[in-house]
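K.L.:
Here you go, one structure.
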Amino acid sequence: MSVLITGGLGHVGSWVAYQLAKQGKRVIICDMAASNFDRLGLDYLEEVRDQLVLESIDVLDYHSLFELMLRYRDDLEGVIHGVSVIAGPNFQTRPYKHISINASGTLNVLETCRILGINKVVNMSSGAVYGDAAGPQHEAMPYKATDLYGATKIAGELYGMQYTDTFGMDVRNARLFFVYGPGKRPSHMHQVYQAIFGPLEGLDNIQAPNGSEQALDWTHVHDTAAGIVQLFEKDSVSHRNFNISSGVTVEHLEIVEHVADLIGKRANVQLGPGPFVVRGAPLDISLAKQELGFSPRFTDIREGLRDYWEWLKDIRD
Ligand SMILES: NC(=O)c1ccc[n+]([C@@H]2O[C@H](COP(=O)([O-])OP(=O)(O)OC[C@H]3O[C@@H](n4cnc5c(N)ncnc54)[C@H](O)[C@@H]3O)[C@@H](O)[C@H]2O)c1
């Protein structure tokens, strides 16, 4: 059987694809970046390349998405939806476009699955659905959007829950939080990410406008992907929404110190006052632990940073 992953060449999606392929599954990756695969630097996917089918598709192109999913329908166990414009300062620069990708893109995937009888969908959502509610935030807490991105993730979850209630589908929302690790180069990210993780890649002299007064549960991408795979593979679930994160908050300035200790040098990085994004932390991950057997490996961020550094060193060599 196969699993179809939208956004399967993104940071999280690519590791979900890797983990599923390592189990011997065929993975259909639907991602606008598929035609650029060789230039993306996702070296870990080479190991499982034979099990991947790459399809370049825009989820806003409903007709093409439908035709593509029709082609694979008979062999599909389900769909993992990971296309999104992620949170950050870039989001509000093109609000209509970015809201459309997140909200209409999710709707297009759900609607195609409904018509084609593909029952199981895991939607990559976000802890942004809690807004600035103080942590630990558990799944029963009410929705609160503190930015446009959060509003789109709430919309996507609500579509999924209504498709479940109305059409009998099995849509599950994985609420992810601040992912870091192999597959994403700090130099390709926003300034706060660069200031925190950039020295692992050799970056120096970085001034981020904010972020010094924030602690978040940064989550190593291997743990994020493992939680999504566990949620996808569970036969039946008692809840629709599952927090997936490290569950451990770390101050940004503490991460800067850990990175300096690791590389043996203090880079010139500065984080300006205030938080990077308006969020509470940490997510309460006890439901995922109990029901899915989720057990994040990198709860000590120093181990996650070391693993990230190894990957960044490898791709520089
Ligand atoms: N990265 C995080 O810290 C984080 C935190 C919470 C939630 N999430 C959620 O997890 C999911 C994955 O995040 P990520 O970090 O892997 O994102 P990413 O930006 O690395 O990957 C997104 C992928 O979607 C593809 N894509 C974008 N627009 C598309 C379109 N219109 N059609 C087809 N493909 C398109 C991109 O090419 C990219 O490969 C998203 O839903 C995001 O909201 C991420």
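According to full-length UniProt numbering, the sequence shown is numbered sequentially starting from 1.
Glycine residues also receive a C-beta, built at the ideal position from the N, C-alpha and C atoms.
(1) From the DSSP output, read off the bridge partner residues of residue 174.
(2) Would you mind working out which of 160, 147, 130, 46 sits nearest residue 113, comparing C-alpha positions?
(3) Any idea which residues DSSP pairs residue 381 with across the strands?
(4) For residue 207, does the count of other Cβ atoms within 10 angstroms reach 16, so buried, or fall short, so exposed?
(5) With a cut-off of 8 Å, do at least 3 Cβ pairs link the segment 106 to 126 to the segment 58 to 73?
(6) List in chain order the residues whose CB is within less than 6 Å of at least one heavy atom of ligand 1.
(7) To which residues of the same chain is residue 272 closer than 8 Å at the C-beta, ignoring the five residues directly before and after it?
(8) Here's the rule I'm using: 16 or more other beta-carbon atoms within 10 Å means buried, otherwise exposed. How should residue 162 be labelled?
(9) Going by beta-carbon coordinates alone, are residue 224 and residue 244 separated by less than 8 Å?
(10) Could you spell out where the beta strand (DSSP E) holding residue 39 opens and where it closes?
(11) Assign residue 69 to one of two classes, buried (16 or more other C-beta atoms within 10 Å of its C-beta) or exposed (fewer than that).
(12) Secondary structure at residue 220, three-state DSSP: helix, strand or coil?
(13) If we require 3 or more residues per run, which beta strand (DSSP E) segments fall completely within the segment 9 to 39?
(14) Look up residue 2 in the DSSP assignment and give the residues it is bridged to.
(15) Exposed or buried, residue 93, counting other C-beta atoms within 10 Å across all chains shown (16 or more means buried)?
(16) Let me know the secondary structure DSSP gives residue 290 once reduced to three states.
P.N.:
Short version:
(1) Here residue 174 is taken as the residue at index 174 of the sequence shown, counted from 1. Looking at the DSSP output, residue 174 sits in a beta bridge with 124, 242.
(2) As a working note, residue 113 is residue 113 in the sequence shown. It is 160 whose Cα lies nearest to the Cα of residue 113.
(3) Outside the shown range of the chain, which is 1 to 317, sits residue 381, and nothing can be said about it.
(4) Taking the first residue of the sequence shown as position 1, residue 207 is located at position 207. Exposed, because fewer than 16 other Cβ atoms sit within 10 Å of the Cβ of residue 207.
(5) yes
(6) 7, 9, 10, 11, 12, 13, 31, 32, 33, 57, 58, 59, 60, 82, 83, 84, 86, 101, 105, 124, 126, 176, 177, 178, 179
(7) The sequence position of residue 272 within the sequence shown is 272, counting from 1. 207, 208, 209, 210, 211, 212, listed in sequence order.
(8) Position 162 of the sequence shown, counting from 1, holds the residue named residue 162. Burial call: exposed.
(9) On the sequence shown, residue 224 is found 224 positions in, with the first residue counted as 1. On the sequence shown, residue 244 is found 244 positions in, with the first residue counted as 1. Going by C-beta atoms, residue 224 is nearer than 8 Å to residue 244.
(10) Indexing the sequence shown from 1 puts residue 39 at position 39. Note, residue 39: premise wrong, no beta strand (DSSP E); not H, not E.
(11) Within the sequence shown, numbered from 1, the residue matching residue 69 stands at position 69. That one is buried.
(12) In the sequence shown, counting from the first residue as 1, residue 220 sits at position 220. Here residue 220 sits in strand by DSSP.
(13) Runs of the beta strand (DSSP E) spanning 3 or more residues and lying entirely within the segment 9 to 39 occur at 26 to 30, in chain order.
(14) For this step, residue 2 is matched to residue 2 along the sequence shown. According to DSSP, which records beta bridges pairwise, residue 2 is partnered with 26, 76.
(15) As a working note, residue 93 is residue 93 in the sequence shown. Residue 93 comes out exposed.
(16) Start at 1 with the first residue of the sequence shown, and residue 290 comes out as number 290. Reduced to three states, the DSSP call for residue 290 is helix.
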